[in-house]
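J.: My questions all concern the structure below.
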Amino acid sequence: MENGNETSLAGLSVLVVDDEALLRRRLIAHLKNLGAEVAGAETLEAARHKLSDTEFDFLLLDIHLPDGIGLDLIREGTVPESTGVVVMTAQGGVEGAIDSIRLGALDYLVKPFDPGLLPLVMRRARKMRQSSRAAEHERETEDGSGFYFGDSLAPLRERLDKIIAADNRLGIHLPPVLIAGETGSGKSTIARWLHRNGPRADQPMIEVNCSALPESLAESELFGSEKGAFTDARATRQGLFEAAHGGTLFLDEIPSLSSGIQAKVLTAIEDRNIRRIGGTRQIEIDVRVIAATNRDLRVAVESGEFREDLLHRLDLFRLNLPALHERGTDILQLAERMLQQLCKRHRLPLRQITEEGKRRMLAYRWPGNVRELAHELERGLVFDDAAVLDFAHLTGGGGQGASAATDPGDWLNPAYDFTKEEFVMEDAINRLVQLSLKQSGGNASQAARMLGVTRDFIRYRLHGDRKEKP
Ligand SMILES: Nc1ncnc2c1ncn2[C@@H]1O[C@H](COP(=O)(O)OP(=O)(O)OP(=O)(O)O)[C@@H](O)[C@H]1O
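With the UniProt record's numbering, letter number 39 in the sequence shown gets 39, and the count goes up by one each step, no holes.
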């Protein structure tokens, strides 16, 4: 499907839902051989679980399942709009196939079929999706994929639309995009949104968590290796830049890459070609790089952890995602939408959040951002029997808790009650450091001067989870 290889499904994820174990295994093995990431489910219920955890590019769906009709997954809205559905029907089941097309399935296959047809069917289905995408994009108010923008992310949405318009004009050699935001604020989700709503939606998007990539493997993973390049290189291996050719490569936590690899990434972006380890040939690539970071890259440049030249190259289109606690009352709308989805997933009646609960949610710092909100809601739903959610435990402080001061000045307020608020000195220091960095525009030296501490102190506080204090 990319790199001119008509049958490759590299970069695509597929869920195969069929209760016939043999056929399911055969399809899974075949799709895996073609490079796809594949999961299987034998019942509707198992499919619901998989679909609620992962967003698949394709759903290969049998119509008759032991616990119901496969099409129910589309009817009940369990299948996200971004997932292309291809229905598998038994001979004579054409009516079901027609029903499924009416419901929005992209294609159908009559059993028994040759699994070799799958790449062709998927390519055709993706083409159909692409042509309806422009209209879909127009229709989307918030976001068809469940991403909630709200008022606070309206400027971000505008910026995304501008990037997509520029991408549509350019077609090839799309400039890199940098997404900055605290952990759990939605960087990966926005990267996927951009890919799915842009002109490369029918091409692969490959996601790499750079912090999980051991340094020894990073180069071969990203750029590939020729046979014999090193002891274990028994065959030529394509790197992820090549695998993402024509599509998007998402480099999450990009500052985790070593300086040497950062330099290679810069060359790949600038020269639009790569060289595999042990290879002499330059291989042309057309990859849109989206990089994400939860760190202030200017601070990382100052401390020598990030290459300034790469920052300049990436910083052309920057998307800053605000922390959840900066999103005002949007947090309540987001929580309500997530609650609806969770209740549906756990088959629970819809629960309301009390006024007090809302107040607590607005006051809380949410250090884990939207991810933490999702966990809190799920915890409340699954472990609390109460008919309403009031988030009483959020007042417990717990270091980064709700009722701690919302700005450091509160600690100096005579009304501030240290016995009730469970004041945590570490938290206070970290927040002072964050505040000074914010006011100095991320300049660690200036922030250090403001607080009367050394620059190292700021640095160690920023990366305290990875390095010891001085
Ligand atoms: N605006 C949003 N609307 C709906 N869901 C969201 C939104 N933002 C984030 N989420 C959800 O919050 C969770 C965390 O988002 P995501 O993984 O994109 O964050 P991240 O910034 O990439 O995190 P990390 O820094 O840890 O990589 C995901 O489950 C995502 O679906």
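Note that the Cβ used here is the ideal one computed from N, Cα and C, for glycine as well.
CB-CB under 7 Å to G184, same chain, minus the five flanking residues each way: which ones, in chain order?
T.: G368, N369, V370, R371 and E372
J.: Could you give the uninterrupted runs of the alpha helix (DSSP H) lying entirely in the region 334-395, keeping only those of 4 residues or more?
T.: 355-363 and 369-383
J.: Tell me which same chain residues have a C-beta within less than 8 Å of the C-beta of residue 477, skipping the five on either side of it?
T.: Residue 477 lies beyond the range of the chain shown here (1 to 470); nothing can be said about it.
J.: Can you tell me which residues form a DSSP beta bridge with A291?
T.: L178 and L251
J.: State buried or exposed for H195, treating a residue as buried only when at least 16 other CB atoms are found within 10 Å of its CB.
T.: buried
J.: Where Y460 and E326 are concerned, what is the direct C-alpha to C-alpha distance, given to the nearest angstrom?
T.: 25 Å
J.: Do A300 and ligand 1 come close, with the Cβ less than 7 Å from some heavy atom?
T.: no
J.: How many angstroms separate the CA atom of R133 from the CA atom of N168?
T.: Caution is warranted here: a pLDDT of 41 is assigned to R133, below 50, making its placement in the model unreliable, and no coordinate value can be reported.
J.: If we require 4 or more residues per run, which alpha helix (DSSP H) segments fall completely within the UniProt domain "Response regulatory" (13-126)?
T.: Whole alpha helix (DSSP H) segments, 4+ residues: 21-33, 44-53, 72-75 and 94-103.
J.: So for S259, helix, strand or coil by DSSP?
T.: helix
J.: Mark L120 as exposed unless 16 or more other C-beta atoms lie within 10 angstroms of its C-beta, in which case mark it buried.
T.: Exposed is the call here.
J.: Under a criterion of Cβ closer than 5 Å to any non-hydrogen atom of ligand 1, which residues qualify, in chain order?
T.: F147, Y148, T183, G184, S185, G186, K187, S188, T189, N294, V370 and R371
J.: Return helix, strand or coil for R275, following the three-state DSSP convention.
T.: coil
J.: Do you know whose CA, among I277, L22, A323 and R126, lies nearest A201's CA?
T.: R126
J.: Counting along the chain, where does the alpha helix (DSSP H) carrying L217 start and finish?
T.: Counting along the chain, the alpha helix (DSSP H) containing L217 begins and ends at E215 to F223.
J.: How far does the alpha helix (DSSP H) with V299 in it extend, from its first residue to its last?
T.: L297 to E302
J.: For L339, collect the residues of the same chain with a Cβ closer than 8 Å to its Cβ; drop the 5 residues on either side in sequence, then sort them by chain order.
T.: Leaving aside the five residues that flank L339 on each side, the residues in its chain whose CB is nearer than 8 Å to its CB run, in chain order, L350, R351, I353, L377, L381 and L389.
J.: Do the region 330-338 and the region 148-157 meet, that is, are 3 or more Cβ pairs less than 8 Å apart?
T.: yes
J.: Taking 8 Å as the threshold, find out whether the region 174-184 comes into contact with the region 209-221 through three or more Cβ pairs.
T.: no
J.: Could you work out which residue in D114, R298, L266 and L65 is closest to V289 when comparing CA atoms only?
T.: L266
J.: Please classify K358 as buried or exposed, where buried requires at least 16 neighbouring CB atoms within 10 angstroms.
T.: Classification for K358: buried.
J.: Report the rounded CA-to-CA distance for S131 versus A191, giving the unit in angstroms.
T.: Low local confidence applies: a pLDDT of 49 at S131 is under 50, so the model's placement there is unreliable, with the coordinate-based value given in what follows. In a straight line, the C-alpha of S131 is about 21 Å away from that of A191.
J.: Please classify G452: does DSSP put it in a helix, a strand, or coil?
T.: coil
J.: For L435, collect the residues of the same chain with a Cβ closer than 6 Å to its Cβ; drop the 5 residues on either side in sequence, then sort them by chain order.
T.: none
J.: Tell me the DSSP bridge mates of I283?
T.: I274
J.: Leaving out five residues on either side along the sequence, give the residues of the same chain with a beta carbon under 6 Å from the beta carbon of I28.
T.: V16, V38 and G40
J.: So, S83 versus L65, is the Cβ gap smaller than 8 Å?
T.: Position check: residue 83 holds Thr in this sequence, whereas Ser was assumed. Not a contact, by the Cβ cut-off of 8 Å.
J.: Exposed or buried, what is T7 when buried is set at 16 or more other beta-carbons lying within 10 Å of its beta-carbon?
T.: exposed
J.: Return the CA-CA distance between L451 and S259, expressed in angstroms with no decimal places.
T.: 30 Å
J.: Let's see if you can read the secondary structure: which residues bound the beta strand (DSSP E) around N443?
T.: For N443, no beta strand (DSSP E) run applies, since DSSP gives it neither H nor E.
J.: Assuming L311 contacts V301 (C-beta within less than 8 Å), just tell me the rounded distance between them.
T.: 6 Å
J.: Tell me whether R318 sits in a helix, a strand or coil according to DSSP, three-state version.
T.: strand
J.: Quick check: what's the CA-CA separation for G181 versus T189?
T.: G181 and T189: Cα-Cα distance of roughly 12 Å.
J.: Look at the alpha carbon of R26 and the alpha carbon of V110, and state the distance between them as a whole number of angstroms.
T.: Distance between the alpha carbons of R26 and V110: 16 Å.
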